[in-house]
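Mapped onto the working numbering, the consecutive letters of the sequence shown carry residue numbers 61 to 1249.
Think of the CB as a built atom: it goes at the ideal place given N, C-alpha and C, for glycine as much as any other residue.
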Amino acid sequence: MGCVKELTKIVGGGLSQDNHNLLLKTLLKHDEELIADESHCSLILSEFGDKPSSKGLQIIQGLLEVVTSEHISLHLKVPIQYILIGITNTSVLLNLLPLANSIFVKIASLKPDAKLDVPSSLSLYYILLCFTPTTSGVLETEAGWDVFIKAINCSAAVLNLHKEIVSPQSILMDQVMSRKFFTSIATEEVQARLWSILISRVAESENPYEAAQLRKGLRKVSLDAGVIITKIESLQLSTKATSIRAAQAKRIKQKVQKDQENNLLSWKKLGLMLETIGVMASLGRPWLLVGPLCQCLHQTFTKDLVITEIVQQQLLSALLHLLQKSMAEKGEDISKDVQLNVELIVQCIRSSASPDTHRRALLVLAIAAKIFPDVVMHNMMSIFTFMGTSLLRRDDSYSFQVIHQTIQSIVPTLIKCEKKEKLQVKLAQVCQVFVDALPDLPEHRRLPLFTQLATTIDVEQNLWLLVALMCDIHVIKGTANEASMPKDEERKGVPQNVQFALMLTSQFSGVTQVHACCKLMEYIINLPEEKEEEGTQEVDDIINWKIHSTKQLCHFKYTCIGFMSHLLSSESFIGQVCDKPEGLDGELQELYQQLLEKTMCFLRTVNELCDANKEKPSGKFWSSLQRKVISVLDGINAVLPPSMLLKVVGGLMKSPLPAVRCRAIELLCAKLQPNANFFRAENVEDLLPFVDILQKIGFPSEELVETRQTSLYGLQLLTKFLSAHVDAKVLEPVLNLSIRMVCWGNVPDRVVTQALLVVAESVAALKAIVVPRLSRLLPAILKVLSENQEADYRLLAALTAIHKLVENVPQFLSPYLTPLVCCVCRLCVLKEDPASKESRLQIRLAAVRDLLSEHIEPRIFIPCLTQAYEKLAENDIPAIQFLLAIAENLISRTDSKALTVHMPVLLNLFSKTLEIRTQKGDSEVIIKVETSIISTMVRLLLRLNEHDNMAIFNSLQRWAVDSSDDNPTRLITFYRFADQLVGTLKVLFIKAKLADSLYSHAVAMLERNNSLNHHSTIFGSDEDAEKKSSVLISVILDTLTKVFTYDSVSFINQERFKMMVKPLIDQLENKHGGEEAYKDRVSNHLMPCVIKFTVATADDSLWKELNSEILKRVRNEDDTPVILAALTTFEGLVDSLGEDYLQPLLADTMPYITEVLENVDDDVEEASRNVFSKMESILGDNLRAYLNE
């Protein structure tokens, strides 16, 4: 700084004394800053450049004169240039331009790889630093433009700046390559020249670093579209035709090659322009560029260039950018301003194999659809067909983003422009592209893509299209894979395409899903049963049925119905419906009603086809489809809450289609079933209107029988449910209607049957209110029971009504009890089938019988039973056994004291019934009836005391014995009664002394009815009398067998033994009834009786006489059957009593055995040997010694 002070005293040079002092004083003023940082000097001088004072400018000018002087060494000029760089002034830069030109001359003269000297390098470096936005006006001068161009073109690193070697180009680019610099250029012409120079330089540069730096500069330029159009036209992209005739072949080849090289360079320049356009921040009138760029795109199809694909992609990107900017500035209505060739864009898609080109073209078309919808629609299928065959199969986010944008742009335009009647066909064609590509789509991209597609095509109206096409593609692919039949699907589960369709539909609301089902069901209903002939098929359809077979058509229906079945039963659907937003009830109700109605119509058609094809091979298919349709109905029914179900069913019942009305009632009936537990008390108000609705449907004769029957069934269930929640009078009209229908004569059987069931439920609900109507109702029911019905269902319904009447109003049925009992008993006989399992009708008959005996008072019921017996005894003998079963049940249920009161009436009934054998003969039916009578009487005696038992038994014995001369048949009845009574009372029969009087009479009967003693029987001497006599003897023997069996009180003493032994053993020679009856009597009745008699005697001293009486018969050589009978009886005693019997009687027995062993009859000899062997085995001794004596 001391030097500076001395300099203030020197005057000379280019500075005047004043300027000199001013400069030096200023430097001294900032001495501290200069000492700390020498670069601060330029800042000090910049103050002079900023001040308009003449002295400051003179100082600057003086310094510039020093720098530009030719007589001053360059190394002295450089420091001055350094301190002048802070002055951003156009005049300063203009003064420095000659110096820059002189340095560029030096550079031009340098040898390769040589470097400029440091002073020259620094001097040029400082000059280039002066190119700033403030000095951009210098480019409008020829000198400024010349230096600028020389610096731009000088990319060689020739400047030696001490620490680094750089190029003039890089220094200049660092200075000027900014948006601020380009915007500071005043004229568009200069901007265009600069833009063009940069593009040419980048295109021609072989240095990647240089090109990259220049590209950065290009991105800062902002131009008007008109300027850019001029530059594009100047490229001359279309080559001129070469005259082959005018030149030699070699020259022509060289020129063509040169033209191709120039043309390639032009295309590169165009690519750089397009790149600049894409990032240009402020592009004026962008819509003007669309047309020229389309022309350039057209030129690419005529060229076979290496970079054609890249240029096409750049052109498409630029077009996309221009269209977006144009729409942002002027809105979507720019069709008049934009000259876009849509066909050209589509041609890019068709001709290119590059995915990048495809994506860019689709993005352009997506925007073009908004500007030129008609033109894009004309090429729509070309666009989507390409998308399906190429872009959809790529797994990258950008490709699918392009697809999404294309769908969002083109499809809404299609919906907007296409006619309504053809819209679905067009949408189906678009969707078909995506569905065909579904197997090739990456799994993680399928659902988002199809969800957006469905949303774009108006999911509310057209979701069903996607579902139908997915089902169709499954049918086609499945047929090819031989896995297309319903039985295969039932075995393998839900097909993959259908699973995806279910996933897709679950992405939308429950309302949307139900709406899709409605549309799909409507489409299925309109399909023919079989494939139609070529001429009759509709041309416009979402599916081309011409390429399908009848089998595929049927399978399509099955697959669609299966889809709906799975959807309606899926957890996601049920959850969405249950969690629906408020306010959607009305819409859902309407949709459910539509879906139910359509499904019911289709089910009716399928049912008819099932019946028609039952015996055909296709019958199995229709049966499978029928099950699927029913599952759809069940699925709908399952998700409906009670209130909505009632609204939907109510709406369906108003349908003009009988099948729909009938099916709607069936749905209501399914929910009214007792085990459904669907409706609650809060639903009663909503259910009440259905009482009138069902009555109106069930009553008129013009309604179908099936519908009437179903409505009455619904009325039955509804009555049962409402009876617990409403006043009985509300249901009174139901009873009145059902009674009228039962009483009318022209009502179909099925309707009458159901009306009877309604009566039954009404009776259960109304109880006493029914009483005034019994006079009309019961005769009608009894008429039904009296008629000979082929089917059981009507009888079952009538019995159900009777069951309810007896259960609820038994006190008021007395006038009808007798015919009612007769009808029930007759039906029991008619419907009895022991060989088969008990039917519902038989169970109901048994229940009615039990209920009658339980609920009707004995004082009323017993006389009715007597009257019923009298009627049945005339022509319905088999029914009497069921009448007696009722009586037996009544006796079992009646209190003992009350039973005693009603004893006379009961005995009167039995006195009449016991005469049945006498009056009607002894047929098998009579025997069954008599068995029932005896069983009932025994039941009565079990309920009475001992005194009454003795009285009744003795009176019955007198009844039989006293009239034995006139009515000996009564003895059979009496002894059958005695047989069963002994079997029931056992030892009590003996203790009650009932056996005393019976015993002596039995002995007398055995003597009287023995052919050994009398030629005739008590019944007479003819064959029939002998048969009756044989029956009587068998019954007496059975009765005695049971008396002897239960004799644990020593009833058989010596006296009774003596009384019985001979008449009993004499029965071995009783031949009444014939040989077969004789053998049966001996084996099954006499021998068991003798054995039990012997056991009851329990005295071996008495056994001797018994044994002797038996063995005497073996000496009857003239009667082999008697010998065999005696041996069999003896053998039975030996088997039963064993050694206890043989040991004391062996000596008396052996003579008879020895004698009979010598019998000449083979059967006798064999039987005697068997007896002898058995005796030896029992005694364990060798009895041969007895034979030798």
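| Check | Outcome |
| --- | --- |
| Burial state of W524, where buried means 16 or more other Cβ atoms lie within 10 Å | buried |
| The stretch 988 to 1008 in contact with the stretch 1061 to 1080 per 3-pair CB rule at 8 Å | no |
| Residue range of the unbroken alpha helix (DSSP H) whose run includes T1180 | 1180 to 1197 |
| CB-CB length for I1032 against V1103, believed under 8 Å | I1032 to V1103, Cβ: 18 Å. No contact. |
| Alpha-carbon spacing of L1041 relative to N1014, whole angstroms | 13 Å |
| Sequence-distant residues of the same chain with beta carbon closer than 7 Å to E990, five excluded per side | I976, R977, T1033, R1036 |
| Sub-8 Å separation of L154 and I167 beta-carbons | no |
| Residue burial classification, D532 (beta-carbon count within 10 angstroms, cutoff 16) | buried |
| Validate contact between the stretch 670 to 679 and the stretch 736 to 745 using beta carbons, cut 8 Å, 3 pairs | no |
| Residue closest to K329, alpha-carbon to alpha-carbon, out of G351, L1045, L349, L297 | L297 |
| DSSP beta-bridge partners of V1174 | None; V1174 has no bridge partner. |
| Top-ranked residue by Cα proximity to L1000, from T1044, L1066, Q251 | T1044 |
| Proximity of L1166 and I1213 at Cβ, strictly below 8 Å | no |
| Helix, strand or coil at V226 according to DSSP, with G and I counted as helix | strand |
| Supposed close pair V708, L656 - CB separation, criterion 8 Å | 6 Å |
| Close-in-space but distant-in-sequence residues of the same chain around V1142 (CB under 6 Å, 5 per side omitted) | A1185 |
| Contacting residues, own chain, Cβ-Cβ under 6 Å from I940 (five flanking each side not counted) | L932, V989 |
| N- and C-terminal bounds of the alpha helix (DSSP H) containing F568 | No alpha helix (DSSP H) holds F568; DSSP gives it neither H nor E. |
| Given E1169 as reference, the closest of A1156, I1183, L905, I187 once Cα atoms are compared | I1183 |
| Spatial distance of L905 from D1026 (CA atoms) | 40 Å |
| N220 (DSSP reduced to helix, strand or coil) | strand |
| K688 and Y618 closer than 8 Å at C-beta | yes |
| Proximal residues to T539 (C-beta, below 7 Å), its chain only, five neighbours per side dropped | Since pLDDT at T539 reaches only 48, below the 50 mark, its modelled position is unreliable, and the value read off the structure follows with that caveat. Q612, listed in sequence order. |
| Buried or exposed (CB count within 10 angstroms, at least 16 for buried), H418 | buried |
| Status (buried if at least 16 other CB within 10 Å, exposed otherwise) for F942 | buried |
| Contact set for V699: own chain, Cβ-Cβ below 6 Å, skip 5 residues either direction | I634, V637 |
| Spatial neighbours of N401 in its chain, beta-carbon cut-off 6 Å, leaving aside the 5 residues before and after | C354 |
| Paired residues, beta bridge with T1077 - DSSP | G1080 |
| Alpha-carbon to alpha-carbon, V1155 and M1147 | 12 Å |
| Host alpha helix (DSSP H) of V53 (start-end) | As displayed, the chain neither begins before 61 nor continues past 1249, which places residue 53 out of reach and without an answer. |
| Span separating the alpha-carbon of G1198 from that of D936 | 52 Å |
| Cβ separation of Y1106 and F1049, assumed to be a contact under 8 Å, to the nearest whole Å | 7 Å |
| Spatially closest choice to V786 from M801, T194, S822, by CA coordinates | S822 |
| Inter-residue spacing [alpha-carbon to alpha-carbon] between M713 and N667 | 20 Å |
| Other residues of its chain near Y1138: CB distance less than 7 Å, five sequence neighbours each side excluded | K1131, P1181 |
| N- and C-terminal bounds of the alpha helix (DSSP H) containing E914 | 900 to 915 |
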